[in-house]
Structures are given as structure tokens and as C-alpha cells.
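Student: So in the numbering used here, spot 274 of the sequence shown is number 263, and the numbers just go up one at a time.
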Amino acid sequence: MPAPKHFLQFSDFSVQKYEYLFARARWIKERFKRYERHRPLEDRTLVMIFEKQSTRTRLSFEAGMQQLGGAAIFLSTRDSQLGRGEPIEDSAEVISRMCDLVMIRTFEQASIERFARHSRVPVINGLTNEYHPCQILADIYTFIEHRGSIAGRTVAWIGDSNNVCNTWMQAAATLGFKLNVSTPPGYEVEPERAGVFDARCLETFADPMDAARGADLVTTDVWTSMGFEAENEERRKAFQDWQVDAEMMRCARPDALFMHCLPAHRGEEVASEVIDGPQSVVWDEAENRLHTQKALMEYLLLGQVGG
Ligand code: CP
Ligand code: NVA
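1. Give the secondary structure of Glu179 by DSSP, where H, G and I count as helix, E and B as strand, and everything else as coil.
2. From what residue to what residue does the alpha helix (DSSP H) around Trp231 run?
3. By DSSP, does Asn169 sit in helix, in strand, or in coil?
4. The ligand NVA and Met215: does any heavy atom of the ligand fall closer than 8 Å to the residue's C-beta?
5. Per DSSP, which one or two residues make a beta bridge with Ser269?
6. In chain order, what residues of the same chain lie with their CB nearer than 6 Å to the CB of Thr193, ignoring the 5 residues before and after it?
7. Ordered along the chain, which non-local residues of its own chain (more than five positions away) have a Cβ less than 7 Å from that of Gln(-2)?
8. Give the secondary structure of Thr44 by DSSP, where H, G and I count as helix, E and B as strand, and everything else as coil.
9. With respect to the beta strand (DSSP E) encompassing Met158, which residues constitute its N-terminal and C-terminal limits?
10. Measure the alpha-carbon distance for His249 versus Arg73 and round it to whole angstroms.
11. State the start and end residues of the unbroken alpha helix (DSSP H) segment that holds Trp16.
12. Is DSSP giving Phe104 helix, strand or coil here?
13. Suppose contacts are defined by Cβ-Cβ distances below 9 Å. Is Tyr9 in contact with Gln268 by that definition?
14. Exposed or buried, what is Arg45 when buried is set at 16 or more other beta-carbons lying within 10 Å of its beta-carbon?
15. Compare the Cα-Cα distances from Ile84 to each of Arg94, Leu71, Thr95 and report the closest residue.
16. Check Arg109 in the structure and name its three-state DSSP category.
17. With 16 as the cutoff for other CB atoms within 10 Å, does Arg33 come out buried or exposed?
18. Would you list, in sequence order, the uninterrupted beta strand (DSSP E) runs of no fewer than 3 residues that lie entirely inside the segment 197 to 229?
19. From the DSSP output, read off the bridge partner residues of Glu192.
20. Kindly list the residues whose CB is nearer than 7 Å to the CB of Arg255, restricted to its own chain and excluding five residues on each side of it in sequence; keep chain order.
21. Smallest Cα separation from Met215: which of Gly59, Ser80, Asn118?
22. So for Val83, helix, strand or coil by DSSP?
23. Going by C-alpha to C-alpha distance, which of Pro(-9), Phe50, Gly295 sits closest to Ala61?
24. From the DSSP output, read off the bridge partner residues of Pro93.
25. Considering just the uninterrupted stretch of the alpha helix (DSSP H) at Leu126, what are its terminal residues?
26. Quick check: is any heavy atom of the ligand NVA less than 8 Å from the C-beta of Leu251?
27. Is the beta carbon of Asn152 within less than 8 Å of some heavy atom of the ligand NVA?
28. Could you tell me the boundaries of the beta strand (DSSP E) in which Ser65 lies?
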């Protein structure tokens, strides 16, 4: 049996694969908007394992699989044996004999890597402490829809060096754009932890205004990610000056976009005037989780197909 393809981090795929996926997502989205059936995954089953909460990821995978003709099953670690200490390897062996595709949202990246090593079917990372590749797949697709190719452009990341930031770093290295990052002292990026070994696409800035200067896209995320709630108070103090507001957006290019993976905290990492303002594309960004992940699931199960 050939080893299945997985999508565990952004660097798993080449630029050519992303070009295919972006083109395919566009084709799938256009058909969806015309209410045309596209059901290449009939009789296929996706299992979704959640160890953390979710709105967008669950909905986009579940709706997406149904729209492609398949079925989706939700498993939570709270009410399955996964939460009672059954070894990840045993769970992977069993789950992957009963379905065609697995999506996992969990804490440690090492856990999803272990699951994938013992899985007979493709595994998709639906967010770990380290990465959120499906999010950046949708974000870059959204950028392309609004502004064309992201190669050679500048993206500014303001805030925490978290899973979403790490994935932007991998995407910059894979797709050839520049990432300006500004984090508060003590929360600096760690390229090696992000799995980025050629950091030529990365520049770090002490002042977030400098990171935003000349950017084509400004993006941020919550100050406290899931799993880090105990640090909430400390982080609220440390991150005070890392809010994306109108003044910061004025440092970026006049046509710069604003993105946020959501859920957002208005008045913390982003001001309402920005997230609810004309440069924000957050609703397109959220919707595009659906279309890009449909292209991803189709690719993992059927390979590259013609439109
Ligand atoms: N952006 C994102 O992954 O949202 P959820 O946590 O709602 O899935
Ligand atoms: N960085 C956030 C993203 C949520 C979609 C978290 O991990 O909680």
C-alpha cells in the first residue's frame, strides 16, 4: 500500500501544488456559487477529531465534505477513547481502517505526526499549537482573489508568534514573499520551531509600525491562543502596543488588506475601525476556508484532476 499524502504543515507541499490548489479552489467556488453539483467524493468518509474548540474549521470541513458527496463524522476527545489514554498509534490504526480521510485539531504537533505515521489514510492538520496550515491556505487564496499573486509581496504579522504566525513563516519561504514580523519582547519568533530553515523571507521589527510599513497585507491573531489561557493576564499587559489600528494601517500601502483568522477580540489585537473597515477581508477569508479545503480534500483523495 503506497504511503498516503498528508497535510501536516504548510511546507509539506511545493509551490506547484499550491498553484494547483488555488486554481482548483477557484473552480470549485465558482461551481458552488452557481449551485452546480460537484460530488467527486461520494461514499468517502472524513473523520474530524477535535481536542480544542472550533466554529470555522468544523463547519468548513463538515459542510465541505457533504457538498463533495461524502460524509463527515465528528469525534471529540472528551467523549471518545482518545481522551482516556488509548495510544495515538492504536487510535490511528483503527480510525484509518474505517474512513478515507482524517482531520485533527490538537495541542502538540508531535501528536498529529505520530497519528499520521500510523494512518492508512491522509491526515490534515486542523490546528496544533505549532501550525494552522489550512488557515494560511485560505488566507493566501483570499489575497490572490483580491490582489493577484502573493510572490514578491510583503505581509506584516503583528502580535503573537503563534501557530498562525509560524505557518505564515513557512508560507513565505515556500511561495516567495516577504514576512515582516513584530512581536512583544519575550514572544519572539523562533524560526527553527516554526520549521523554517531558510529565514531569508523573514524580517523582524521591534516596533509594529515599522513592520506594517509598506505592507500589502497586515494580519494578526488573538494575544492568547487556545491552550495558553493561564498566561492571559500577563499577555494582555505585554501586547498592549501590538493592536492593529487605523494609524498602523496608514503605515501600510494605501491598498493594503487586513486579515484575521478569527475569532477576533475587538479592542485587543485589532481595533473595530480596522476589522469592520473597508480594508478588511475577514469574511471572505473565513468563507474561503470552505472552498480551499474542498480542493485540498479532493486532492488528497483523488490527486490532481482536471476542471
Ligand atoms: N480560524 C479558525 O480556525 O477558526 P475556528 O477556531 O472557529 O475553527
Ligand atoms: N492562534 C489561535 C488560532 C485560532 C483559530 C489559537 O490557536 O487559539
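The beta carbon of each residue, even a glycine, is placed where N, CA and C say it ideally should be.
Tutor: Let me spell this out:
1. For Glu179, the secondary structure class from DSSP, reduced to helix, strand or coil, is coil.
2. Careful: Trp231 lies outside any alpha helix (DSSP H) and carries neither H nor E.
3. strand
4. yes
5. Phe247
6. These residues qualify, in order along the chain: Val170.
7. Asn114, Tyr120, Pro122, Gln159, Gly184
8. coil
9. No beta strand (DSSP E) holds Met158; the alpha helix (DSSP H) holding it covers 152 to 164.
10. Here the C-alpha atom of His249 lies approximately 34 Å from the C-alpha atom of Arg73.
11. 4 to 22
12. helix
13. no
14. Residue burial is scored here from C-beta neighbours: Arg45 has at least 16 other C-beta atoms within 10 angstroms and is therefore classed as buried.
15. From the listed residues Arg94, Leu71, Thr95, the smallest Cα separation to Ile84 is found for Leu71.
16. coil
17. buried
18. 206 to 209
19. Asn169
20. Ser261, Ile264
21. Checked all of Gly59, Ser80, Asn118; the closest Cα to Met215 is Asn118.
22. helix
23. Phe50
24. The sequence given here has Ile at residue 93, not Pro. Bridge partners of Ile93: Ile38, Asn114.
25. 122 to 136
26. yes
27. yes
28. 60 to 65
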